[in-house]
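Colleague:
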Amino acid sequence: MRSRYSAYVKGNWRYVLDTTHPENPLANDPQSLKDDIQATCDSLGFEKLKILSVEAGKDENEGYVTFQAWFKNQGQMGQRAQGWHTQTFVERSRFLKEGGRWLYVDGEQEWKR
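The opening position of the sequence shown corresponds to residue 18 in the working numbering, with each subsequent residue numbered one higher.
As structure tokens, this is what we get:
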């Protein structure tokens, strides 16, 4: 989880893509998945990550991480850019272990404004 967050901070969309599980809902459209990850890296300035909980899944190859992340939207222009404010969301992410690596499958977000 932390390595994916660091990749988003650094704009390393390739790492985020490489650590996404084939069962991810967008995995059947790799170009769309790549574009989505790249757009997120380009438009959001992540500021902070807090891991809230880590839970085991149904077996040793599934796990859940609940985290909170803070960010600013880097794409704001005009009046919005002058009033940038930090936004935050909480996500419960599901990971599957494959080939010794934990890969992101999906997550449920709760946005806070």
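Cβ atoms here follow ideal geometry from the backbone N, Cα and C, with glycine treated the same way.
Given the structure is predicted, the values throughout are model-derived calculations rather than measurements.
Consult DSSP for D123 and reduce its assignment to one of helix, strand or coil.
Modeller: In this structure, D123 counts as strand in the three-state DSSP scheme.
Colleague: Provide the residue(s) that pair with Y32 in DSSP beta bridges, ordered along the chain.
Modeller: Bridge partners of Y32: none, in fact.
Colleague: Is the separation between the beta-carbon of V33 and that of A44 shorter than 9 Å?
Modeller: No, the Cβ-Cβ distance between V33 and A44 is not below 9 Å.
Colleague: Checking 9 Å against the spacing of the C-beta atoms, do G62 and F84 come in under that value?
Modeller: Not closer than 9 Å, so no.
Colleague: Residues bridged to D108 by DSSP?
Modeller: Strictly speaking, residue 108 in this sequence is Glu, with Asp absent from that position. Note: E108 sits in a beta bridge opposite F84 and Q126.
Colleague: Could you check which residue in E115, A56, Q104 and H102 has the C-alpha nearest to that of N78?
Modeller: Checked all of E115, A56, Q104 and H102; the closest Cα to N78 is E115.
Colleague: Can you check whether the CB of G80 is closer than 9 Å to the CB of F112?
Modeller: Yes, the Cβ-Cβ distance between F112 and G80 is below 9 Å.
Colleague: Would you decide whether V71 is buried or exposed? Buried here means 16 or more other CB atoms lie within 10 Å of its CB.
Modeller: V71 comes out exposed.
Colleague: Rounded to whole angstroms, what is the Cα-Cα separation between T36 and H102?
Modeller: Whole-angstrom Cα-Cα distance: 30 Å.
Colleague: Kindly list the residues whose CB is nearer than 7 Å to the CB of G74, restricted to its own chain and excluding five residues on each side of it in sequence; keep chain order.
Modeller: Result list for G74: G80 and Y81, in chain order.
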